[in-house]
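Position 265, counted from 1, in the sequence shown is what the UniProt record's numbering calls 265; the numbers after and before it change by one each time, with no gaps.
The beta carbon of each residue, even a glycine, is placed where N, CA and C say it ideally should be.
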Amino acid sequence: RTEWLRGGLRPTAGRLAGLTGTEWPHEVGPPRPVATPLSCFRIRIINFILRNTRMPDGADWDELVRRDVFEVRFPLHKAEDTLKKWARWRALCCKQPIDDIRNYFGEKVALYFAWLGWYTCMLAPAAAVGLLVFLCGFSLFGSSQISKEICTASDIFLCPRGDHDHSYQRLSDTCAFAKLTHLFDNEGTVLFAIFMAVWATVFLELWKRKRARVVLQWDLYGWDEDEEDMALGLINQNELQLHLHSYLRSACVLGLSVLMICFMIGLAHLLVVYRVLAAAAFSHLALPFLEVTVAVVATGALMHYCMILIMTKEVGAGAGQASEAQRGTVASHPERPRTFSERESKFTIKFFTLQFFTHFSSLIYTAFILGRINGHPGKSVRLAGLWKLEECHLSGCMMDLFVQMAVIMVLKQTLSNCVEYLYPWLTHKYHCKELQQDWRDPEFSEWQRNYLLNHVNIFSLFDEFMEMMIQYGFTTTFVAAFPLAPLLALVSNVVEIRLDAIKMTRLQRRLVPRMAKDIGQDLPGARRRAGSGLAQDRRSAQPRTGPWLQVLETIGVLAVIANGMVISFTSEFIPRLVYKYHYGPCRAGAQPDVDCLTGYVNHSLSVFYTKDLPGARQTQDTGGLTECRYRDYRSAQDYSLSEEFWVLLAIRMAFLILFEHVALCIKLVAAWFVPDVPQEVKNKVLEDKFKRLREKMTSWEARSPQPPGPAPATAPAPGAQPCRPGWGPSQHAPGRVGPQGGRS
Numbered sequence: 001r002t003e004w005l006r007g008g009l010r011p012t013a014g015r016l017a018g019l020t021g022t023e024w025p026h027e028v029g030p031p032r033p034v035a036t037p038l039s040c041f042r043i044r045i046i047n048f049i050l051r052n053t054r055m056p057d058g059a060d061w062d063e064l065v066r067r068d069v070f071e072v073r074f075p076l077h078k079a080e081d082t083l084k085k086w087a088r089w090r091a092l093c094c095k096q097p098i099d100d101i102r103n104y105f106g107e108k109v110a111l112y113f114a115w116l117g118w119y120t121c122m123l124a125p126a127a128a129v130g131l132l133v134f135l136c137g138f139s140l141f142g143s144s145q146i147s148k149e150i151c152t153a154s155d156i157f158l159c160p161r162g163d164h165d166h167s168y169q170r171l172s173d174t175c176a177f178a179k180l181t182h183l184f185d186n187e188g189t190v191l192f193a194i195f196m197a198v199w200a201t202v203f204l205e206l207w208k209r210k211r212a213r214v215v216l217q218w219d220l221y222g223w224d225e226d227e228e229d230m231a232l233g234l235i236n237q238n239e240l241q242l243h244l245h246s247y248l249r250s251a252c253v254l255g256l257s258v259l260m261i262c263f264m265i266g267l268a269h270l271l272v273v274y275r276v277l278a279a280a281a282f283s284h285l286a287l288p289f290l291e292v293t294v295a296v297v298a299t300g301a302l303m304h305y306c307m308i309l310i311m312t313k314e315v316g317a318g319a320g321q322a323s324e325a326q327r328g329t330v331a332s333h334p335e336r337p338r339t340f341s342e343r344e345s346k347f348t349i350k351f352f353t354l355q356f357f358t359h360f361s362s363l364i365y366t367a368f369i370l371g372r373i374n375g376h377p378g379k380s381v382r383l384a385g386l387w388k389l390e391e392c393h394l395s396g397c398m399m400d401l402f403v404q405m406a407v408i409m410v411l412k413q414t415l416s417n418c419v420e421y422l423y424p425w426l427t428h429k430y431h432c433k434e435l436q437q438d439w440r441d442p443e444f445s446e447w448q449r450n451y452l453l454n455h456v457n458i459f460s461l462f463d464e465f466m467e468m469m470i471q472y473g474f475t476t477t478f479v480a481a482f483p484l485a486p487l488l489a490l491v492s493n494v495v496e497i498r499l500d501a502i503k504m505t506r507l508q509r510r511l512v513p514r515m516a517k518d519i520g521q522d523l524p525g526a527r528r529r530a531g532s533g534l535a536q537d538r539r540s541a542q543p544r545t546g547p548w549l550q551v552l553e554t555i556g557v558l559a560v561i562a563n564g565m566v567i568s569f570t571s572e573f574i575p576r577l578v579y580k581y582h583y584g585p586c587r588a589g590a591q592p593d594v595d596c597l598t599g600y601v602n603h604s605l606s607v608f609y610t611k612d613l614p615g616a617r618q619t620q621d622t623g624g625l626t627e628c629r630y631r632d633y634r635s636a637q638d639y640s641l642s643e644e645f646w647v648l649l650a651i652r653m654a655f656l657i658l659f660e661h662v663a664l665c666i667k668l669v670a671a672w673f674v675p676d677v678p679q680e681v682k683n684k685v686l687e688d689k690f691k692r693l694r695e696k697m698t699s700w701e702a703r704s705p706q707p708p709g710p711a712p713a714t715a716p717a718p719g720a721q722p723c724r725p726g727w728g729p730s731q732h733a734p735g736r737v738g739p740q741g742g743r744s
């Protein structure tokens, strides 16, 4: 290995270092001064040669690694670099040197940090509004009419909720829980949900504008990744291969994807089983300091977080191994994608779908299913015919959703950041101590130091993007139930930027630079010539959307739907609104002296007679109680769904449709109002196109022969433009642009 480094890599790098941008073969060099840094360009070429070169016996790099001829290949970190001053905790609030990051790691990593910094800055207004909504709910902590009624309702008894708890709990005992629920289940959450829908759209549109400016500055605006992949493929194989689509193969891939999604949903059912069994166990313990509902919700959230860690690790490891095994050629991929970028895009969509169901399946159950299929106390729905399904608290399921969101986000942001930094740091220290002293060579000390750093692959940055996408989903999807999510994300991202910087510059081997013009959109090869044709420029005038940007846009639409459903079906906003103007003292425009929600608690609780309970369970401390109350809208005679239930259901559906249409219309208006590409970028692109066309026309006129004909008898008049060969008197003058953008 040492002889190969001495005789192979170092002389090759020296020969490449002496070449300029216009001396590279196959016209891959940049023709203009603004170009990819030469160090990144050299690393990219060497990596391409090592990956695609074959031995006389047909063995490629991977085969040589399996034969123990080589162990690993990686570019070296620079001993002294300005990025190390940025990658430290003292520079926590300093501006990111995006251009320096690009010069060192390439465009893909630079765009990641540019996007992460922009996302963090845009989280500031969302965090401020979310904190304001939470503080408004906190200021009304004890003034809610519903909380007052619950806290003073000592004469109302609730029906037993579990099989082991046969006691009738007083409604006033749930006073603290009702007050906590009002912190985030209030009118402000509706406005905040609409604000977050607009915020998500504005964030994406402004990022597109910033990305356009950045890639124009880097001279990457007109790149075409498919042409790059095709050109690189022609280097190894110059024969045309037709792409044959197989419906059977696509059906198999779709079936496997659906099977994996069903498996993830099945894991969510395991959490349901745990919560049912935990509720029965905690009720059986009957500890005086243990609130059953809080214990079940908190431990269920912890179980969900542990499941997320396990499944993320297992699915990520399996997908990474499969993709690493197929990275050499796209032909070995089950779907036979045309290019590497297409394969990576498909992998991104599939992996994010699995991660989305892993993280959000339990939250979807808590928000939209929990407590809605339980039946009534006389005929409860049971799991396997033995255990009653878990019910929501009297104040609703918003508290359960809030606690689960809080536990997952706090643990995910704190523990994940700690593990993300400590694991590579401890691994690096362990490798340094395991290094044998006799292997140290002063001539190769810098190479050995880089060898001891943590391993990286083509999906190292993919994991960072996926982590941010999941956080973005938590920040926007169920934000109506947890308005503090943007604030937690803001604090986490400030730390995340420095963690990633320290990890990439000090704890990991240097990533192979990769070209990109958008987050998730790769150009894994050398650069084409800028002036390659008008048709090519037209195709690249509007850059295509990368897979991560598609994921962000999808999350934005799902967030509107999820928040609308949370407000409609999970919160008490619609029932309070209907009672206030249809059943309460303020109905028909009345203006009484009492609060409009007076009597809401009694109206929202159904009556159940204790004689109809299974076994006619009664306790000694109720004084022969004949009826109890439970949370539902049912008739007291036959316990069927009452008229109020169907009225509420119709209004909930109408509000959901109205909310989604209004929010989506606002998103569309915001997207239309904020153009994706700034006007100065469009002007610059058109100006460059005009200059290239003018240079082509000048070059063509210089090479074209002079037509034969008599010399002009007289000189042209002063101020008149002389005719050039090939231009008729009825044609446009030279230098003017025709209606199609070409030279007339």
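- Secondary structure of His393 (DSSP, three-state): strand.
- Annotated as proximal: Tyr112 and Glu464, with beta-carbon spacing under 8 Å.
- The Cβ atoms of Leu401 and Ala127 do not sit closer than 8 Å to each other.
- Annotation for Val456: Gln508, Arg509, Leu511 place their beta carbon closer than 6 Å to its own, counting only its chain and skipping 5 residues before and after.
- Secondary structure at His376: strand, using DSSP grouped into helix, strand and coil.
- Across the set Lys78, Lys667, Thr353, Ile310, the C-alpha of Lys667 shows the shortest separation from the C-alpha of Val560.
- Around the beta-carbon of Cys40, 16 or more other beta-carbon atoms lie within 10 Å, marking it buried.
- Within its own chain, the residues whose Cβ lies closer than 7 Å to the Cβ of Pro585, once the five positions on either side in sequence are excluded, are Pro592, Val594, Cys596, Thr598, listed in chain order.
- Per DSSP, Lys95 is not a residue of any alpha helix (DSSP H), being assigned neither H nor E.
- Nearest neighbour of Met196 by Cα position, chosen from Arg692, Lys696, Ala663, Asp676, turns out to be Ala663.
- For a cut-off of 8 Å, the C-beta gap from Thr477 to Ala562 is around 5 Å, short enough to register as a contact.
- The alpha-carbon of Cys94 is positioned some 51 Å away from that of Leu277.
- Taking every protein chain shown into account, the CB of Tyr430 has fewer than 16 other CB atoms within 10 angstroms, so this residue is exposed.
- One thing to note: Lys179 has its Cβ within 8 Å of the Cβ of Phe141.
- Residues Gly137 of the same chain have their beta carbon placed closer than 6 Å to that of Asn186, with the five preceding and five following residues left out of the count.
- Collapsing the DSSP output to three states places Asp688 in a helix.
- The DSSP-derived three-state label of Cys628 is strand.
- If you draw a straight line from the Cα of Asp500 to the Cα of Glu420, it comes to about 9 Å.
- Taking the CA atoms as reference points, Trp646 sits about 18 Å from Leu658.
- Ala153 places its beta carbon less than 8 Å from that of Val601.
- For Ser606, the enclosing beta strand (DSSP E) starts and ends at 605-609.
- Leaving aside the five residues that flank Met398 on each side, the residues in its chain whose CB is nearer than 7 Å to its CB run, in chain order, Thr181, Phe184, Asp185, Ala481, Thr570, Ser571.
- Checking the DSSP bridge columns, you'll see Leu158 partnered with Gln169, Arg629.
- Leaving aside the five residues that flank Ala671 on each side, the residues in its chain whose CB is nearer than 7 Å to its CB run, in chain order, Thr201, Glu205.
- The alpha helix (DSSP H) runs of length 4 or more contained entirely in the region 415-493 are, from start to end of the chain, 445-451, 460-476.
- Around the beta-carbon of Ala176, fewer than 16 other beta-carbon atoms lie within 10 Å, marking it exposed.
- Looking from the CA of Ala124, the closest CA among Val674, Phe157, Trp199 belongs to Trp199.
- Annotation: Ile49 to Arg73 spans about 12 Å, alpha carbon to alpha carbon.
- Val297 and Tyr168 have their C-alpha atoms spaced approximately 21 Å apart.
- For Gln145, the secondary structure class from DSSP, reduced to helix, strand or coil, is helix.
- Taking C-beta atoms as the reference points, Met469 and Phe352 count as a pair closer than 8 Å.
- Per DSSP, Trp207 is one residue of the alpha helix (DSSP H) stretching across 188-217.
- Taking the Cα of Leu309 as reference, the smallest distance to any Cα among Thr358, Ile349, Lys350 is reached at Thr358.
- Checking the DSSP bridge columns, you'll see Arg382 partnered with Lys388.
- When rounded, the separation of the alpha-carbon atoms in Asp99 and Thr554 is 30 Å.
- The continuous alpha helix (DSSP H) containing Met653 extends over residues 643-673.
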